[in-house]
Amino acid sequence: MIGTIANAGTILLGSVVGSALKKGIGEKYQSIMMDSMGLAATALGINSIVGAMPQSMYHVLFIVSLALGGLIGTRLSLDTAFDRLVSRFSKGSNLAKGLSTAILLYCAGTLSILGPIESALNGNHTYLFTNAILDGITSVVLSSTFGLGIAIAAGVLFCWQGSIYLLANLIAPHLTPDLLTEISLVGGVLILSSGLSILNIKQFKTLNLLPALLVPPAAVGLLSLLGV
Numbered sequence: 073m074i075g076t077i078a079n080a081g082t083i084l085l086g087s088v089v090g091s092a093l094k095k096g097i098g099e100k101y102q103s104i105m106m107d108s109m110g111l112a113a114t115a116l117g118i119n120s121i122v123g124a125m126p127q128s129m130y131h132v133l134f135i136v137s138l139a140l141g142g143l144i145g146t147r148l149s150l151d152t153a154f155d156r157l158v159s160r161f162s163k164g165s166n167l168a169k170g171l172s173t174a175i176l177l178y179c180a181g182t183l184s185i186l187g188p189i190e191s192a193l194n195g196n197h198t199y200l201f202t203n204a205i206l207d208g209i210t211s212v213v214l215s216s217t218f219g220l221g222i223a224i225a226a227g228v229l230f231c232w233q234g235s236i237y238l239l240a241n242l243i244a245p246h247l248t249p250d251l252l253t254e255i256s257l258v259g260g261v262l263i264l265s266s267g268l269s270i271l272n273i274k275q276f277k278t279l280n281l282l283p284a285l286l287v288p289p290a291a292v293g294l295l296s297l298l299g300v
């Protein structure tokens, strides 16, 4: 799991560096960093959507996924539970918004899913090392905007990639290009919603939409069994 450890390590390091920068910059500079992060997340979300949508074999699946995922997440009140948990560590801040964005950026990408599988089955850590560099840079920007609490995302990523690594032999045959496309499409929408929330264009309860990422695997698996 050296690749996953490296990935989590760069997030921790980037968070420390970024939080140190945050202490040395004024409020107006923190504001522009917030806008920059919002724009970056928006651009990454749009890029993922534009890249995945033309390749989608199930053109309405992402709509169904978002609808069902939103209903499940709202029923479970995921955003309220997450905000309550984060507030214990950082009262009076907007860390929850930044942390939810960080978790999506770090965990919903293709490299973060394929990387642990490639590492476990073939001993190839290239995907994860590449992801580590990208996530490290992103964590510097995020923590300079939202603070050291972004480092919590490193633990989430470690558990996420670690689980995939341990289950690699079971899930690898089912991670078809079609499924990865659908996951990327839904993930792109979630990242876009985080970006728009950071920019205060529209406050989405993105965490309540997280279960949407579970719908494509279930739907594609069922359709495969039915021969569709």
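Heads up: the sequence shown begins at 73 in the numbering used here, then just goes up one per residue.
The beta-carbon is built from N, C-alpha and C at its ideal position, and this holds for glycine as well.
Of the choices 271, 279, 278 and 259, whose alpha-carbon is the least far from that of residue 289?
259
Presumed contact (8 Å Cβ cut-off) between residue 145 and residue 282, rounded CB distance
6 Å
Exposed or buried, residue 188, counting other C-beta atoms within 10 Å across all chains shown (16 or more means buried)?
buried
Given residue 110 as reference, the closest of 210, 254, 183 and 248 once Cα atoms are compared
210
Compute the distance between the beta-carbons of residue 63 and residue 176, then report whether it is under 9 Å.
Given a span of 73 to 300 for the chain in the structure shown, any question on residue 63 remains unanswerable.
Are residue 263 and residue 173 closer than 9 Å when you measure CB to CB?
yes
Exposed or buried, what is residue 279 when buried is set at 16 or more other beta-carbons lying within 10 Å of its beta-carbon?
buried
Within 10 angstroms of its Cβ, does residue 246 collect 16 or more other Cβ (buried), or is it exposed?
exposed
Please report the residue range of the alpha helix (DSSP H) in which residue 233 lies.
224-238
Residue range of the alpha helix (DSSP H) that includes residue 188
182-194
Within 10 Å of its beta-carbon, does residue 190 have 16 or more other beta-carbons around it, so buried, or fewer, so exposed?
buried
Does the distance from the C-beta atom of residue 228 to that of residue 178 stay below 9 Å?
yes
Indicate the three-state DSSP secondary structure (helix, strand or coil) for residue 271 in the structure shown.
coil
What residue range does the alpha helix (DSSP H) around residue 248 cover?
Residue 248 -> no alpha helix (DSSP H), and no H or E assigned at all.
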